[in-house]
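What follows is a single structure, written as structure tokens, with notes after it.
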Amino acid sequence: MKTLCPKLFFLFYASLLFAQKETLISGKIIDAKSQIPLISVVVTIQNTNTMQLTSVDGKFQFKTNLQGNQLLLLHNKGYKDKLISVQILQDKLIDLGTIPLEEDDEINQQAAVISILDNDLEENNGGSESTSGLLQASKDAFQQAAAFNWGQARFRVRGLDSQYAQLLMNGLTMNKAYDGRPQWGDWGGINDVLRNQEIAIGSSPSDYAFGGILGTQQISTQASTYKKGTRISFSGTNTNYRGRAMVTYASGMNEKGWAFVVSAGKRYANEGYFEGTSYNANSVFTSIEKKLTNRNSLNFTSFFTPNSRGKNSPNTDEVTALTTTKYNSYWGFQNGQQRNSRIKTIEEPVFILNDYFKINATTQLNWGAFYQFGKISNSNIDYQHANSPDPSYYRKMPSYFSSLYAKDEGEFSGAFTPDLANAELNKTLFLSQPQINWEAMYQANQNPIVDTNGKITGFEPAQSKYILYEDRTDDKTLGFNALFNTELTENIRLNAGASFNKLHSHNYQNVLDLLGGLYFEDIDVFYKGNQAQSDLNNPNRQVKVGDAYGYNFNLMSAKLEGFTQFQFRHKKVDFYLAQEFSSSTYQREGLYKNGIYPTNSFGESPILHFENFGFKGGLTWKLSGKQLLLFNGSHASKAPNLKAVFPNSRLNNAVVDEIESETNSSLDASYVYRSPKLKMRFTGYFNQIKNATETSFFYAEGIFDNGAGNNSTNAFVSQTLTHLDKKNWGTELSFEYQINPTLKTTLAAGFGEYIYASNPNVIITNDAKASIENTNPVFNFGTAALKNYHQAGTPQQAYSLELEYRNPKYWWLSANMNYLTKNYIDISPIARTSVFFINPASGFPFPEATEERGRELLKQEELAPILLLNLVGGKSWRIFKKNLNLFCSINNLLDTSFKTGGYEQARNANFRQRDQDVTSGTPNFGNKYFYGYGRTYFVSLSINF
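Numbering (this note's numbering), first residue to last: 1 to 945.
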């Protein structure tokens, strides 16, 4: 009986516990700025084991037996933690509603540095939350490493060019029709107002567009979504610019229904990291929103970011050995001041109007329109009847004489006859004048004034032999879009959109400076008679500053596209299906009647029309509250870019024969694990690009066959590759572990293989062979053996290990070690055709062209692996109710010298010339390389109030 009573008491007490009904707590967590649901936010009841992760739509829901006052902690990387006091009552449903999380300012500081590496270093042009994934832009360790740690080595995610990602601003496509890439310089310097972003990685779904196989990026500038306040920042660095100042103010929505945001900035450098690279950039941004009703508002955005920067030259190993890795052949001193001959200038203001209409609680219709105009220019030196002003011109280098061979002896190579004395003389002359000699060009453009005694008393302007000009593009782009989003049912969401973009692009050469001369002749001195004329309608022109010359034409394009997307959400599985249709038209209008192509250069070309389709789908399998499996796949056709359609657009209306749309396919699968301490993602992907077309220009020696009736074996040519296939596959690892409350480690790894998957056809256009009878002097060189060669321009493997310490007193420090490898230089396709092995003088193969030697000469160069150590830190203060933030970083702490890329010179276009050049030991046409930054720093001080 004594033992029975305690047992009965225990059973009775336990029955009371189990009889208690659990309380259900639910809510939805969103980004405070973009209002986008946040996935996998860690929701915990403090001092308990109760934990839940938010779902794809940002919602959480869990049951608890706890009662009374409890603290709910919301935690997500990149956002400020939020504590919510909750009064839990027995048998009562608690709905916390929508809970916004604000971004962490320290993450914003890092984003500013990432912008420097990604946007400003992009020579030609190059995420946020997607609706179905955990690839949260800078919140993901891999994505953060790719942008921040690996960006300095020109790492490209999945090896893909930026033309395979669609960039949208308020739903409107900002990719350029000419090459498919965004022009990053159009919004440089306004970092503070471009943080409301959503990014869908790969082919995962976006609410705003079908997207590309690299992803979709949407930037919102709706004024009411910005946090009210002012931010002022000052930064210093030694990269492409030296100093930056920015100020941003957001009003928030006032009682009269108005909200506005303004931002302005300045970046500058007399000389950046590389010699002679000046930088001057200004930026201004405004966004104004008027709330018409509780469900409808209008927003007007405008920004203008004029910027110009001096370029730096790629160099051969010979040039670098004589100088330094910072050497730049594009500049020289003029009157004691540095002057760069190659300045890139971007001045393209953008105006965007949007209407946001919330039809009801589950349906929204947004429309927009934008207009952009302005110029992009690239300056250079033109010259006639004079020597090249380039101090590193191949004839001015020691190797020009140390690699000499005698003339061929019949079918066989001549003897090796180096001229070491003149090689040493060239070396002495180069080192004495390693930069552009502006004074010499001014003198060449003037005639001496001689008195009666034959003495020179001065100089007077004459016909210019040298001038400074710009390749100029004046674009006018008009675009419209409409986006419709609705919840068809509790589990089904529909996204639909349509857009139209129209481009008018004026392209021409423009005289900038006659360099002390009177005029410049608008002729091509390499041709005679009518062929020398740039415009037969206005022959023998003498052009001056501000005049167009050389080439002058318009490009027109129009693109209409639409997409629909259905997203299905269920307890265990979410999936989506999307489809796209687009129609593109292209046309060229020649404004000059070129002397080389008198019959097909002036006037309008035929209109080219391309229709394209795309389909994609994917699913998210919720294994548990902490684990997900994600699958995405897409297959779509893509119209060729304007650049690829007209291979010789500067001179004529010719179109690539039988040009077709390319086809892109993409597959990826990811395993995701997230808990309060461990966050991990492992992704495998496969991308295939088929039937691409690429165009390039170069001067080639020994390329044409004398036996075929050509007077010269040398020519400046246009090269077009058709039926080019590429294959990119690999894996990505993102790993983050919170060792303790102050110490965290992250690991990111990217392993890929990016190769050519076909032997494309090579077509060469030789303007010198044009005539009235032959208006399209195209030579088919057959296929180039590119299959299994590596794509160039990016490390194909990258690894990063980081350790971060965050002190409770609001300071932090992190160090990351990065290893990047498998980066290859760009190869010359023409050297991989059968023509490469044929002697142009006889039409027969070179007798010394063995298969083994051919493999040696054509082996693709792999650049040396890169090891980079970076330090990053920051400190925050609260002073007079204002937030003061200091951010510092040192990249490449060990000051490692490394090459980021390079290319084979195509000038030696046959086996014998390349073999002789390489065998000499001092190649005159060696590979050219671009170098990365050595040790650099970035310091930023900002105040928020």
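Note that the Cβ used here is the ideal one computed from N, Cα and C, for glycine as well.
Residues near residue i by beta carbon distance below 8 Å, same chain, minus five either side
i: L24; result: Q61, F62, K63, L93 and I94
i: N927; result: T316, D317, I825, E861, G902, Y903, E904 and Q905
i: I739; result: T745
i: T896; result: I866, L867, L868 and G934
i: Q20; result: Since pLDDT at Q20 reaches only 49, below the 50 mark, its modelled position is unreliable, and the value read off the structure follows with that caveat. The residues are N65 and Q90.
i: P954; result: No answer is possible for residue 954: it lies beyond the span of the chain, which begins at 1 and ends at 945.
i: L420; result: F401 and S402
Beta-carbon proximity of residue i to residue j, cut-off 8 Å
i: L101; j: A177; result: no
i: G374; j: L172; result: no
i: N240; j: Y273; result: yes
i: M246; j: D192; result: yes
i: K465; j: L514; result: no
i: N921; j: R154; result: For clarity, residue 921 is Gly in the given sequence; the question names Asn instead. It is not a contact, given that the beta carbons lie outside the stated cut-off.
i: T301; j: N170; result: yes
i: G215; j: A165; result: yes
i: E470; j: N378; result: yes
i: N953; j: S399; result: No information on residue 953 is available, as it lies outside the stretch 1 to 945 that the chain covers here.
i: L194; j: R674; result: no
i: Y799; j: N818; result: yes
i: S605; j: Q587; result: yes
Residue from the options with nearest C-alpha to residue i
i: I467; options: F520, V319 and L478; result: F520
i: G1008; options: S940, N944 and F945; result: For residue 1008 there is no data in the structure shown, the boundaries of the chain being 1 and 945.
i: Q433; options: S399, Y393 and G730; result: Y393
i: T504; options: V525, E589 and G202; result: Before going on, a small fix: residue 504 reads as His here, not Thr. Nearest of V525, E589 and G202 to H504, Cα basis: E589.
i: V41; options: G58, S26, Q35 and T48; result: G58
i: S718; options: F686, K787 and I830; result: I830
i: H790; options: L858, N883, I232 and F430; result: L858
i: I84; options: N76, L71 and R681; result: L71
i: S263; options: A250, N340, E271 and K256; result: A250
i: G211; options: F234, L168, V645 and L512; result: L168
i: P37; options: T44, I99 and T50; result: I99
Own chain partners of residue i with C-beta closer than 7 Å, once the 5 adjacent residues on each side are dropped
i: I689; result: E662, N664, D725 and K726
i: F12; result: Because the pLDDT of F12 is 40, which lies under 50, any placement of that residue in the model is unreliable, and the question is left without a value.
i: P448; result: I456 and F459
i: T325; result: S897 and Y931
i: E753; result: W729, G730 and Q796
i: G332; result: R339, Q435, I436, N437 and W438
Cross-strand partners of residue i (DSSP beta bridge)
i: S668; result: Position check: residue 668 holds Asp in this sequence, whereas Ser was assumed. DSSP, once it has assigned bridges, lists N632 and Y685 as partnering D668.
i: N761; result: T722 and T783
i: P845; result: I838
i: L884; result: W877 and I943
i: L353; result: F300 and A369
i: V284; result: A264 and F304
i: F613; result: F581
i: D574; result: R569 and T620
i: I467; result: D382
Residues near residue i in its chain [Cβ-Cβ closer than 6 Å; skip 5 each side]
i: F898; result: I866 and G932
i: L747; result: F735 and L801
i: A112; result: Unreliable positioning characterises A112 in this predicted model, as indicated by a pLDDT of 40, which lies under 50. A coordinate reading is not provided.
i: S128; result: At S128, the pLDDT of 27 sits below 50, so the modelled position is not reliable and the matter cannot be decided from this model.
i: L591; result: N552 and F553
i: K502; result: L478 and A558
i: D355; result: L298 and W367
i: D140; result: S734
i: T936; result: N238, T239 and N891
i: F610; result: S584, A639 and S661
i: L135; result: For L135, the predicted model reports a pLDDT of 30, less than 50, meaning its position is unreliable; a value from the coordinates is still stated below. Excluding positions up to five away in sequence, the list reads I201.
Residue i beta carbon near the ligand MN (any heavy atom closer than 7 Å)
i: S661; result: Because no ligand of any kind appears in the structure shown, any question about the ligand MN cannot be addressed here.
Handout entry: Three-pair Cβ contact test at 8 Å for the segment 380-399 versus the segment 436-453
Key = These segments touch.
Problem - the segment 278-286 contacting the segment 863-880, beta-carbon criterion three pairs below 8 Å - result: Short answer: they don't touch.
Exercise for the section: Determine, using beta-carbon pairs with one atom in the segment 874-883 and one in the segment 805-812, whether at least three such pairs fall under 8 Å. Expected result: Output reads yes: the segment 805-812 touches the segment 874-883.
Practice task
Flag this pair as touching only if the segment 756-763 and the segment 620-628 have three or more C-beta atom pairs under 8 Å; answer yes or no.
Solution key: Note that the segment 756-763 does not touch the segment 620-628; fewer than 3 beta-carbon pairs, one per stretch, sit closer than 8 Å.
Exercise for the section: Evaluate the contact criterion for the segment 338-358 versus the segment 395-408: three or more CB pairs, one atom per stretch, below 8 Å. Expected result: Pairwise C-beta distances place the segment 338-358 out of contact with the segment 395-408, as fewer than three of them are shorter than 8 Å.
Exercise for the section: Spell out a yes or no on whether the segment 520-534 and the segment 615-623 are touching, meaning 3 or more CB-CB pairs, one atom from each, closer than 8 Å. Expected result: The segment 520-534 vs the segment 615-623: no contact.
Handout entry: Cβ contact check for the segment 568-577 and the segment 489-503: 3 or more pairs under 8 Å
Key = A contact between stretches requires three or more CB pairs, one per stretch, nearer than 8 Å, and the segment 568-577 meets this requirement with the segment 489-503.
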